[in-house]
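Residue numbers (the numbering used here): 12 to 260. Report on the structure given below.
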């Protein structure tokens, strides 16, 4: 996620004041035999309920935003949580562009485990591919194999931001959509709030806000250009996984 992907330079300068020096995040490599690579199969179990799709985009808004339920089972979600906890989490960093990241807990406070797994990404893509909307002039390729598993403890949050797009080093593929998989729902708070008019507005008591309520196995797919927030977790621990949907250049 790039907090500054579409922000003004002055905003970036303000965020950078009194920060640690940005670094290139190192992603630990995994053995090809690590169990995490085989936690998902390409086909859902036959006993799984049928997928349900809900559109989130307001009428007339061309940006893509939807959720798909029942593409990943609760048992698979629990296995992903257990295995990423086995691998270990560390403080999530903030993408500031140019391949650099820094720690900024007043903007992004959570933990993260990055897993590079083509088998896991391919299996998830096989399940979700038929629900991914077409983009004119682009062919969908698959999911970015860099899977970012996120853990939000009580009090953790990610302030309003837009996701940055990812381009392969050879320029052959570009990301346009975010895929967010919610791995549990036994916590309070932690919704993904969206502002389609780019204006952050806090809800009054009882007011409904646009966005996604985490449900175990729910997948949210939305345009990188949609302003959104990982709302504060009030109680419990929230787990999710984020990656990119890649298209041909």
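All residues carry an ideal CB built from backbone N, CA and C; glycine is no exception.
Rounded straight-line distance, which links the Cα of residue 145 to that of residue 259: For the purposes of this step, residue 259 is taken as the residue at position 248 of the chain shown. For the purposes of this step, residue 145 is taken as the residue at position 134 of the chain shown. Here the alpha carbons of residue 145 and residue 259 stand approximately 12 Å from one another.
With DSSP collapsed to three states, give me the class of residue 202. Working through the chain shown from its first residue, we reach residue 202 at position 191. In the structure shown, residue 202 falls within a coil segment according to DSSP collapsed to helix, strand and coil.
What distance in whole Å lies between the Cβ atoms of residue 96 and residue 50, which are believed to be in contact at a cut-off of 8 Å? Residue numbering aside, residue 50 sits at position 39 when the chain shown is read from its first letter. Residue numbering aside, residue 96 sits at position 85 when the chain shown is read from its first letter. No, residue 50 and residue 96 are not in contact; Cβ-Cβ is about 13 Å, not under 8 Å.
Using a Cβ-Cβ distance under 8 Å, would residue 76 count as near chain D? In the structure shown, chain D cannot be found, because there is only a single protein chain.
Under three-state DSSP, which class holds residue 106? Here residue 106 refers to the residue found at position 95 of the chain shown. For residue 106, the secondary structure class from DSSP, reduced to helix, strand or coil, is strand.
C-alpha distance - residue 18 paired with residue 57, whole-angstrom precision: Residue numbering aside, residue 18 sits at position 7 when the chain shown is read from its first letter. Residue numbering aside, residue 57 sits at position 46 when the chain shown is read from its first letter. Because residue 18 carries a pLDDT of 42, less than 50, the predicted location of this residue cannot be relied on, and no value is offered for it.
With C-beta atoms as the reference, is residue 255 less than 8 Å away from residue 177? By one-based count along the chain shown, residue 255 stands at place 244. By one-based count along the chain shown, residue 177 stands at place 166. Between residue 255 and residue 177, the gap from beta carbon to beta carbon is short of 8 Å.
Return the first residue and the last residue of the beta strand (DSSP E) that residue 169 is part of. Taking the first residue of the chain shown as 1, we reach residue 169 at position 158. That run of the beta strand (DSSP E) goes 168–172.
Report all residues from its chain with a CB closer than 8 Å to the CB of residue 66; omit the five preceding and five following residues, and keep chain order. Here residue 66 refers to the residue found at position 55 of the chain shown. Excluding the 5 residues flanking it on each side, residue 66 has same chain C-beta neighbours closer than 8 Å at 76, 77, in chain order.
Look at residue 251 and residue 111 and say whether their C-beta atoms are less than 8 Å apart. Reading the chain shown from its first residue, position 240 is the one you call residue 251. Reading the chain shown from its first residue, position 100 is the one you call residue 111. Contact check for residue 251 against residue 111 fails: the beta carbons are separated by 8 Å or more.
Taking DSSP as the reference, what is the three-state secondary structure of residue 112? Locating residue 112 in the chain shown gives position 101, counting from the first residue. Strand at residue 112.
Near residue 48, what residues of its chain come up, given a Cβ to Cβ distance below 7 Å and the 5 sequence neighbours on each side ignored? Taking the first residue of the chain shown as 1, we reach residue 48 at position 37. For residue 48, where only same-chain residues beyond five positions count, the Cβ hits under 7 Å are 128, 130, 131.
Find the nearest neighbour of residue 187 within the set 39, 62, 151, 213, judged by alpha-carbon distance. If you number the chain shown from 1, residue 187 lands on position 176. The alpha carbon of residue 187 has as its nearest neighbour, out of 39, 62, 151, 213, the alpha carbon of 151.
Run through DSSP, which three-state label would residue 139 get? The sequence position of residue 139 within the chain shown is 128, counting from 1. Helix at residue 139.
Given residue 166, which residues of its chain have a CB within under 8 Å of its CB, disregarding the five upstream and five downstream residues? Counting from one through the chain shown, the residue named residue 166 turns up at place 155. Excluding residues within five positions, the ones whose Cβ falls inside 8 Å are 120, 243, 244.
Here's the rule: buried if 16 or more other CB atoms are within 10 angstroms of the residue's CB, otherwise exposed. What is residue 174? Working through the chain shown from its first residue, we reach residue 174 at position 163. With 16 or more other Cβ atoms within 10 Å, it is buried.
Could you check the C-alpha separation between residue 99 and residue 41 for me, to the nearest Å? Here the question's residue 99 lines up with position 88 in the chain shown. Here the question's residue 41 lines up with position 30 in the chain shown. Looking at the two C-alpha atoms, the distance is approximately 12 Å.
Cβ-based burial, residue 227 [other Cβ within 10 Å; buried from 16]: Locating residue 227 in the chain shown gives position 216, counting from the first residue. With 16 or more Cβ atoms within 10 Å of its Cβ, residue 227 is classed as buried.
Along the chain, where does the beta strand (DSSP E) containing residue 95 start, and where does it finish? Stepping through the chain shown from its first residue, residue 95 is reached at position 84. Element bounds for residue 95: not the beta strand (DSSP E) but the alpha helix (DSSP H), 85–98.
What span of residues does the beta strand (DSSP E) with residue 245 cover, start to end? Taking the chain shown and counting its residues from 1, the one referred to as residue 245 is at position 234. Note, residue 245: beta strand (DSSP E), 244–246.
Just verifying my parser: in three-state terms, what is the DSSP assignment at residue 185? As a first step, residue 185 must be located in the chain shown, where it is residue number 174. Strand, per DSSP.
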